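See below for the structure under consideration.
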Amino acid sequence: MRGRSRWREAGGPARCGLVPNRTLERLGGAVWSQTAGPPALHPTVAAVTERIVERSARTRAAYLERIRSAAERVPARTRLGCANLAHGFAAAEPEEKAVLRRGGKPNLAIVTSYNDMLSAHQPYVDYPPVLKDAIIRAGGIAQVAGGVPAMCDGITQGRDGMQLSLYSRDVIAMATAIALSHDMFDGALMLGVCDKIVPGLLIGALSFGHLPTVFVPAGPMTSGLPNKEKARVRQQYAEGLVGREELLEAEAASYHSRGTCTFYGTANSNQLLMEVLGLHLPGSSFVNPGTPLRDALTRAAAETAVGITAQSGGPVPVGELVDEKAVVNACVALLASGGSTNHTLHLVAIARAAWRPAHLAGPLRPLGGRPAPRAGLPQRIGGREPLPRRRGRGLPGADPAGARPPARGRAHRRRTRALALHL
Amino acid sequence: MHTVVGRGLSRYTCEPRLLRDGKGAGLTWVDGPETSLDPTVLRPTSDPFATDGGVKMLTGPLGTAVVKTSAVAPEHRVVRAPAMVFDDQADFLAAFGRGELDGRDLVAVIRYQGPAANGMPELHKLTPALGVLQDRGQRVAIVTDGRMSGASGKVPAAIHVTPEAAVGGPLARVRDGDIVTVDASTGRLEVAADLSAREATGRPALDNEWVGTGRELFAVFRAGIGPADEGASVFGRWAMTEESAVVDA
Numbered sequence: 000m001r002g003r004s005r006w007r008e009a010g011g012p013a014r015c016g017l018v019p020n021r022t023l024e025r026l027g028g029a030v031w032s033q034t035a036g037p038p039a040l041h042p043t044v045a046a047v048t049e050r051i052v053e054r055s056a057r058t059r060a061a062y063l064e065r066i067r068s069a070a071e072r073v074p075a076r077t078r079l080g081c082a083n084l085a086h087g088f089a090a091a092e093p094e095e096k097a098v099l100r101r102g103g104k105p106n107l108a109i110v111t112s113y114n115d116m117l118s119a120h121q122p123y124v125d126y127p128p129v130l131k132d133a134i135i136r137a138g139g140i141a142q143v144a145g146g147v148p149a150m151c152d153g154i155t156q157g158r159d160g161m162q163l164s165l166y167s168r169d170v171i172a173m174a175t176a177i178a179l180s181h182d183m184f185d186g187a188l189m190l191g192v193c194d195k196i197v198p199g200l201l202i203g204a205l206s207f208g209h210l211p212t213v214f215v216p217a218g219p220m221t222s223g224l225p226n227k228e229k230a231r232v233r234q235q236y237a238e239g240l241v242g243r244e245e246l247l248e249a250e251a252a253s254y255h256s257r258g259t260c261t262f263y264g265t266a267n268s269n270q271l272l273m274e275v276l277g278l279h280l281p282g283s284s285f286v287n288p289g290t291p292l293r294d295a296l297t298r299a300a301a302e303t304a305v306g307i308t309a310q311s312g313g314p315v316p317v318g319e320l321v322d323e324k325a326v327v328n329a330c331v332a333l334l335a336s337g338g339s340t341n342h343t344l345h346l347v348a349i350a351r352a353a354w355r356p357a358h359l360a361g362p363l364r365p366l367g368g369r370p371a372p373r374a375g376l377p378q379r380i381g382g383r384e385p386l387p388r389r390r391g392r393g394l395p396g397a398d399p400a401g402a403r404p405p406a407r408g409r410a411h412r413r414r415t416r417a418l419a420l421h422l
Numbered sequence: 000m001h002t003v004v005g006r007g008l009s010r011y012t013c014e015p016r017l018l019r020d021g022k023g024a025g026l027t028w029v030d031g032p033e034t035s036l037d038p039t040v041l042r043p044t045s046d047p048f049a050t051d052g053g054v055k056m057l058t059g060p061l062g063t064a065v066v067k068t069s070a071v072a073p074e075h076r077v078v079r080a081p082a083m084v085f086d087d088q089a090d091f092l093a094a095f096g097r098g099e100l101d102g103r104d105l106v107a108v109i110r111y112q113g114p115a116a117n118g119m120p121e122l123h124k125l126t127p128a129l130g131v132l133q134d135r136g137q138r139v140a141i142v143t144d145g146r147m148s149g150a151s152g153k154v155p156a157a158i159h160v161t162p163e164a165a166v167g168g169p170l171a172r173v174r175d176g177d178i179v180t181v182d183a184s185t186g187r188l189e190v191a192a193d194l195s196a197r198e199a200t201g202r203p204a205l206d207n208e209w210v211g212t213g214r215e216l217f218a219v220f221r222a223g224i225g226p227a228d229e230g231a232s233v234f235g236r237w238a239m240t241e242e243s244a245v246v247d248a
């Protein structure tokens, strides 16, 4: 069957996933432990997903073939010429150098979007040494493969710099590709939070879709001024009722520390989508920077990345992971949560990167009617309903094969009815 | 589906905790809450904020667009008013400052803001001004080939209009006074005028006119970018031939 990869066919204990590592052990007991199992998939969502599979079969197959053939060539650095390899580890510590010479241990690329301009990205200043330490303890090795640019739409709003913003997503994808083009890596960690950075990193990562890849968030700033109050002061300023000093006071109370801005805009929509796509550690998006829990999650992300490399027994390549179900899940989550309209662009661009090449608009035509004129997202999956359960439990597309069969309890009926309501 | 922590999304209903035991603090995951801790933020599916779309598509003779309705009050979801056309958000703000928008219903058409024109900027500065007019009781809406991000707010805004004005989309032929309808309930974006006989007016800046803030370096992006409804990406064009063959097959 198309779309079944080696690592899926390898089988394994479904309850704990295929990859033994400490993070999975900690998570192992959580599978559908509270309720009656995954809810039934809504027929419309199932049909839309099936249509995408059908209509994009050739492009998806071409993409998977490409990344599988790339996977067969890893670890690439063993094939590097000696001069190339020596360049690749020249700056490494002696013991790291020995490991890279020998091969055997997974070498992870860290792609970072750290800078001081984005409050959400500033915490990444400390991440590379922390990640490297955790990776070494977990039996791997890591190199910062490259930095990508990151710009803040909040700073450039209404100014000329904003005209570079959308282009920056594709620049970031290209910069990610340049970082990974050194061909030294068995997996990757992507450090980014804000609007264009996460989609750009993911598009770049999908070009190296054979690499197991974990996204590492940095968390939101704590709440400041309530958003309604901020909007009220902005409007008063527009009317000339308050001055610049009052306005700056309100803005500075809203945006007041390191971490992601505290409204549900594009950056925080990114965070939700990375969880729904299964690229973050569960529940890791919204833990404040500089807290012990944040630090523990960062280390656990590093450990997880080591655990899903080929050297650890079961590679989980990012290109296999971002499949039709995952993209539909992301659309549903975006709509159910009232997320950012920017993702009507970015999700399409991300999907195109994993279907070589793909026209998401075609596959996602509304069912049963005339083709939507070049629609970016399906009209029929419209709804601002909250997720059936917190952070995505019951999202359609969750594969029921690995979980207990659904019991027909009250909770199950409630979820099913709710999905039927809006889809 | 698969995730970095195994098969299915069930683990993503859990939340991480640092729990102390005899050996110190350790990371673990516990079951997330069964019910919303704050129904003003997160609602059960049995009692949702809305049963229809928080983001909707609009279609019609002006092209396809996206509108975010979740923060727009039901009484503002349909706006039918004369167009006021601006080719730059600064012109709009200047007109607002001069009081030219006062006391009238209007659909602010902000065009030449698409990906091929100027990189499809977010146009948040429009929202406070139009919010003021809406609060005074005027019927107002935005139609633009630019972006508004996730915080488009209480004024209905038909954004990402495709095809964009800069590549000859219908927005280029809209004139002041045309009656434009933004109907987020039926998903229509209408104009009560025959645009086919008209010449386009206005234009985006030419490449030799881009100066400052690095924008002159991005000519290759402006020239190579695909339309908004295909992701507004520079990585698409090379693929079009094979892609069209597959999709149309």
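Keeping their order, the protein sequence lines are chains C and B. Going by numbering that gives the first Met the number 0, the first residue of the first sequence is number 0, and it counts up by one from there. Going by numbering that gives the first Met the number 0, the first residue of the second sequence is number 0, and it counts up by one from there. We put the CB at the ideal spot given by N, CA and C, even for glycine. Everything numeric in this text was worked out from a predicted model, so none of it was measured.
For this session: Going by CA-CA distance only, name the one from C:Pro-216, C:Glu-95, C:Val-192, C:His-181 that's closest to C:Gly-264.
Result: Here residue 264 of chain C is taken as the residue at index 265 of the first sequence, counted from 1. When each option's Cα is compared against that of C:Gly-264, the closest is C:Val-192.
Problem set entry | Interface flag, B:Ala-72 vs chain C, CB-CB below 8 Å | Taking the second sequence and counting its residues from 1, the one referred to as residue 72 of chain B is at position 73. Cβ-Cβ to chain C under 8 Å: no for B:Ala-72.
For this session: Please confirm if the segment 90 to 110 of chain C is in contact with the segment 171 to 185 of chain C, defined as three or more CB-CB distances below 8 Å between the two stretches.
Result: yes
Exercise. Apart from the five residues on each side of it in sequence, which residues of its chain come closer than 8 Å, Cβ to Cβ, to C:Glu-244?
Worked result: Here residue 244 of chain C refers to the residue found at position 245 when the first sequence is read from its first residue. Within the same chain, C:Glu-244 has no close Cβ partners at all.
Exercise. B:Thr-212 versus chain C: which residues are under 7 Å apart at the beta carbon?
Worked result: Working through the second sequence from its first residue, we reach residue 212 of chain B at position 213. Near B:Thr-212 (Cβ distances below 7 Å), the residues of chain C are Asp-159, Gly-160.
Exercise. Taking just the CA atoms, how far does C:Trp-354 sit from C:Gly-138?
Worked result: For the purposes of this step, residue 138 of chain C is identified with residue 139 of the first sequence, where counting begins at 1. For the purposes of this step, residue 354 of chain C is identified with residue 355 of the first sequence, where counting begins at 1. When rounded, the distance between both Cα atoms is 33 Å.
Problem set entry | Same chain, Cβ closer than 6 Å to C:Ala-172, five either side skipped, listed in chain order | The residue you call residue 172 of chain C lines up with position 173 of the first sequence. Same-chain partners within the cutoff: Gly-199, Ile-202, Gly-203.
Exercise. How long is the line joining the alpha carbons of B:Leu-234 and C:Ile-349, rounded to whole angstroms?
Worked result: The residue you call residue 234 of chain B lines up with position 235 of the second sequence. The residue you call residue 349 of chain C lines up with position 350 of the first sequence. The sequence given here has Phe at residue 234 of chain B, not Leu. Roughly 11 Å separates the two Cα atoms.
For this session: Kindly indicate which three-state DSSP category B:Glu-242 falls into: helix, strand or coil?
Result: By 1-based counting over the second sequence, the position of residue 242 of chain B is 243. With a pLDDT of only 41 at B:Glu-242, under the threshold of 50, the placement of this residue in the model should not be trusted; the figure read from the coordinates follows. Helix, per DSSP.
For this session: Would you please verify whether the beta carbon of B:Ile-178 is less than 8 Å from any beta carbon of chain C?
Result: To locate residue 178 of chain B, count along the second sequence from 1; it is residue 179. Chain C, which has no Cβ nearer than 8 Å to the Cβ of B:Ile-178, makes this no.
Exercise. Given that C:Tyr-166 touches chain B, what residues does it touch there, using C-beta distances under 7 Å?
Worked result: Along the first sequence, one-based indexing puts residue 166 of chain C at 167. Gly-118, Phe-217, Phe-220, listed in chain order.
For this session: Measure from the C-beta of B:His-75 to each C-beta in chain C and report whether the shortest distance is under 8 Å.
Result: Here residue 75 of chain B refers to the residue found at position 76 of the second sequence. So, not an interface residue.
For this session: Measure the alpha-carbon distance for B:Ala-140 versus B:Val-106 and round it to whole angstroms.
Result: By one-based count along the second sequence, residue 140 of chain B stands at place 141. By one-based count along the second sequence, residue 106 of chain B stands at place 107. Computed Cα separation, rounded: 5 Å.
For this session: Have a look at B:Ser-148 and C:Pro-122 and give me their C-alpha separation to the nearest angstrom.
Result: The sequence position of residue 148 of chain B within the second sequence is 149, counting from 1. The sequence position of residue 122 of chain C within the first sequence is 123, counting from 1. Approximately 24 Å, taken between the alpha carbons.
Problem set entry | Runs of beta strand (DSSP E) wholly within the segment 174 to 245 of chain C (minimum 3 residues, chain order) | 186 to 190, 212 to 215
Problem set entry | Through-space distance from C:Asp-322 to C:Pro-356, alpha-carbon basis | By one-based count along the first sequence, residue 356 of chain C stands at place 357. By one-based count along the first sequence, residue 322 of chain C stands at place 323. Only weak support exists for where C:Pro-356 lies, its pLDDT of 49 falling under 50; the value from the coordinates is given anyway. Using only the alpha carbons, I get a separation of about 14 Å.
Exercise. Helix, strand or coil: how does DSSP classify C:Ala-90 here?
Worked result: Here residue 90 of chain C is taken as the residue at index 91 of the first sequence, counted from 1. In the structure shown, C:Ala-90 sits in coil (DSSP, three-state: anything other than H, G, I, E or B).
Exercise. Which of the residues in the segment 2 to 23 of chain B, read from start to end, lie with their CB under 8 Å from any CB of chain C?
Worked result: Thr-2, Val-3, Val-4, Gly-5, Arg-6, Gly-7, Leu-8, Ser-9, Arg-10, Tyr-11, Thr-12, Cys-13, Glu-14, Pro-15, Arg-16, Leu-17
Exercise. For C:Pro-148, which residues from the same chain have a beta carbon less than 7 Å from its beta carbon, with the 5 sequence-adjacent residues on both sides left out?
Worked result: Numbered from its first residue, the first sequence carries residue 148 of chain C at position 149. Excluding positions up to five away in sequence, the list reads Ser-167, Val-170, Ile-171, Ala-174.
For this session: Find the nearest neighbour of C:Arg-233 within the set C:Ile-66, C:Ala-299, C:Asp-152, C:Glu-248, judged by alpha-carbon distance.
Result: Counted from its first residue, the first sequence places residue 233 of chain C at position 234. That would be C:Glu-248, whose Cα lies nearest to the Cα of C:Arg-233.
For this session: Measure the alpha-carbon distance for B:His-285 versus C:Gly-223 and round it to whole angstroms.
Result: Because chain B in this structure spans residues 0 to 248, residue 285 of chain B falls outside the shown range and cannot be described.
Problem set entry | Within the segment 19 to 48 of chain B, ranges of the beta strand (DSSP E) (whole runs, at least 3 residues) | 23 to 30
For this session: Could you work out which residues of chain B lie near C:Leu-163, taking near to mean beta carbons separated by less than 7 Å?
Result: To locate residue 163 of chain C, count along the first sequence from 1; it is residue 164. What C:Leu-163 touches in chain B: Gly-118, Gly-213, Arg-214, Phe-217.
For this session: Would you mind working out which of C:Ala-176, C:Pro-93, C:Asp-159 sits nearest C:Ala-144, comparing C-alpha positions?
Result: As a first step, residue 144 of chain C must be located in the first sequence, where it is residue number 145. Nearest option by C-alpha distance: C:Ala-176.
Problem set entry | Buried or exposed by the 16-neighbour rule on C-beta atoms within 10 Å, applied to C:Asp-115 | Within the first sequence, numbered from 1, the residue matching residue 115 of chain C stands at position 116. Under this definition C:Asp-115 is an exposed residue.
For this session: Please decide whether C:Leu-210 counts as near chain B, where near means a Cβ-Cβ distance under 8 Å.
Result: In the first sequence, counting from the first residue as 1, residue 210 of chain C sits at position 211. By this cut-off, C:Leu-210 is not an interface position.
Exercise. Of the choices C:Leu-320, C:Met-220, C:Ala-304, whose alpha-carbon is the least far from that of C:Val-136?
Worked result: Residue 136 of chain C sits at position 137 when you count from the first residue of the first sequence. In the sequence as displayed, the identity of residue 136 of chain C is Arg instead of Val. Residue C:Ala-304 is the option with its Cα nearest to C:Arg-136.
Exercise. So B:Val-160 is in the beta strand (DSSP E); what residue range does that whole segment cover?
Worked result: Start at 1 with the first residue of the second sequence, and residue 160 of chain B comes out as number 161. Per DSSP, B:Val-160 belongs to the beta strand (DSSP E) from 156 to 161.
Problem set entry | chain B contacts made by the segment 306 to 327 of chain C, where a contact means CB separation under 8 Å | Ile-307, Val-315, Glu-319, Leu-320, Asp-322, Lys-324, Ala-325
Exercise. What residue range is occupied by the uninterrupted beta strand (DSSP E) comprising C:Asn-106?
Worked result: One-based indexing of the first sequence puts residue 106 of chain C at position 107. Taken as a continuous stretch (DSSP letters only), the beta strand (DSSP E) holding C:Asn-106 covers 106 to 111.
Problem set entry | Candidates B:Thr-27, B:Ala-80, B:Gly-5: closest to B:Asp-182 by CA position | Here residue 182 of chain B corresponds to residue number 183 of the second sequence, with the count starting at 1. Closest option to B:Asp-182, Cα to Cα, is B:Ala-80.
Exercise. Can you list the beta strand (DSSP E) stretches of 3 or more residues lying completely in the segment 61 to 138 of chain B, in chain order?
Worked result: 63 to 67, 77 to 85, 105 to 109
Exercise. Helix, strand or coil: how does DSSP classify B:Ile-178 here?
Worked result: Walking along the second sequence from the start, residue 178 of chain B turns up at place 179. Of the three classes helix, strand and coil, the one that applies to B:Ile-178 here is strand, per DSSP.
Exercise. What residues in its chain sit with their C-beta under 8 Å from that of B:Pro-43, if we drop five residues either side in the sequence?
Worked result: Locating residue 43 of chain B in the second sequence gives position 44, counting from the first residue. For B:Pro-43, where only same-chain residues beyond five positions count, the Cβ hits under 8 Å are Thr-34, Ser-35.
Exercise. Straight-line CA distance for C:Leu-179 to B:His-123?
Worked result: On the first sequence, position 180 is the one that residue 179 of chain C refers to. On the second sequence, position 124 is the one that residue 123 of chain B refers to. The alpha-carbon atoms of C:Leu-179 and B:His-123 are separated by roughly 35 Å.
Exercise. Does the distance from the CB of B:Leu-57 to the CB of B:Gly-186 come in under 8 Å?
Worked result: Translated into positions along the second sequence, residue 57 of chain B becomes position 58. Translated into positions along the second sequence, residue 186 of chain B becomes position 187. Cβ atoms of B:Leu-57 and B:Gly-186: closer than 8 Å.
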